[in-house]
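Everything on this sheet refers to the single structure shown next.
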Amino acid sequence: MVKKISLTSGFALAISFVVWWSVAVQAADEKHDAHQGHQMAHLNHIKTQAETEALKPGDAVAMACSMCKHVMVQHVTKDKSHVKLMTIGEKHKCVCGGTVTVVGTGKGKGKNEEVNHVCTKCGDHAMFVCATKPGSGGKHQHETDK
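Residue 116 in my numbering sits at position 116 of the sequence shown, and the numbers go up by one each step.
If you want it as structure tokens, here you go:
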């Protein structure tokens, strides 16, 4: 009788441990990745050429237009072509067919001057630029903090 009670108690304790462990692991996974396994990159608003130059290969720069609802993502490489997106005087095409010109706002000096992207069709304040945290390689914020 004592053997049966001990065996049953041990079995119940083992099942309790397995259930507790699976709930704890699932809760940790949900806390760790709120996007259910999808890789997400945290992007920060950037305003200057200097902020763009601080990015490393593997990072990403995104330009979004609120008028034509287009987002362009450029991955940072060693060639530094991504810097043109924030260099005063540079021009590129918008998906709407307009021409986007990078202009200085007068806030800051040199590479630290804030810029604005003016589209001939979308207007002066339709676009903004954001990027991954410099050196993060586009990884989750919590992965870069390890």
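Beta carbons are placed, not taken as given, at the ideal position from N, Cα and C, and that holds for glycine.
6 Å CB neighbourhood of residue i in its chain, flanking five on each side removed
| i | result |
| --- | --- |
| Lys111 | Gln49, Ala50 |
| Val73 | Ala60, Ala62 |
| Pro57 | Val76, Thr77, Lys78 |
| Val103 | Asn116, Val118 |
| Asp124 | Val118 |
Own chain residues within Cβ distance below 7 Å of residue i, not counting five before or after
| i | result |
| --- | --- |
| Cys122 | Cys65, Met67, Cys68, Cys94, Cys96, Gly98 |
| Thr101 | Lys91, Val118 |
| Cys130 | Leu43, Asn44, His45, Ile46, Ala62 |
| Gly108 | Thr48, Glu114 |
| Ala126 | Cys65, Ser66, Met67, Cys119 |
CB of residue i within 8 Å of CB of residue j, strictly
| i | j | result |
| --- | --- | --- |
| Val83 | Asp59 | no |
| His155 | Phe128 | Residue 155 lies beyond the range of the chain shown here (1 to 146); nothing can be said about it. |
| Glu113 | Thr120 | no |
| Thr132 | Met86 | no |
Element boundaries [alpha helix (DSSP H), containing residue i]
| i | result |
| --- | --- |
| Thr169 | Past the boundaries of the shown model lies residue 169; the chain is included only from 1 to 146, so the question cannot be answered. |
Element boundaries [beta strand (DSSP E), containing residue i]
| i | result |
| --- | --- |
| Gly104 | 99-104 |
| Lys93 | 91-93 |
| Ile46 | 43-46 |
| Val129 | 127-132 |
| Asn116 | 115-119 |
| Met72 | 70-75 |
| Cys65 | 60-65 |
8 Å Cβ shell around residue i - same chain, five flanking residues per side excluded
| i | result |
| --- | --- |
| Ser81 | Gln74 |
| His70 | Ala64, Cys94, Val95, Cys96 |
| Ile88 | Gln49, Val102, Val103, Gly104, Glu113, Val115 |
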